[in-house]
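My numbering numbers the first residue of the sequence shown as 740 and each following residue consecutively. Here is the structure we will look at.
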Amino acid sequence: MKSTQQFTAIIEREGDRYIFLCPELDIASQGDNIEEARRNPIEALELFFETADPSEVKNRLILGD
């Protein structure tokens, strides 16, 4: 059974780019527009969860609380 976790998504304009930040996991991404800034983090989050050691995931979630 899959579990679902919700994270904070912050998107801010910085110059001519949009920056995405997930503070709970300390993961950032960027895009040329808001839609791109919303899509790119999905790939970054998936990659993090696929490659990070479980203790690193747990550490970041605890520190993000």
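Beta carbons are placed, not taken as given, at the ideal position from N, Cα and C, and that holds for glycine.
Task: Neighbourhood of ILE773 by C-beta, 8 angstroms cutoff - its chain only, sequence neighbours within 5 removed - done: In its chain, beyond the 5 residues on either side, ILE750 and TYR757 have a beta carbon closer than 8 angstroms to the beta carbon of ILE773.
Task: Range covered by the alpha helix (DSSP H) that runs through LEU786 - done: Segment 773-790, the alpha helix (DSSP H) holding LEU786.
- [ ] With a threshold of 16 other CB atoms inside 10 Å of the CB of LEU786, please say whether the residue is buried or exposed.
- [x] Using a 10 angstroms sphere on the CB of LEU786, the tally of other CB atoms stays under 16, which defines it as exposed.
Open item on the list: Short of 7 angstroms in beta carbon distance, which residues of its chain neighbour LEU800, apart from the five on each side in sequence? Order them along the chain.
Closed with: GLU763, listed in sequence order.
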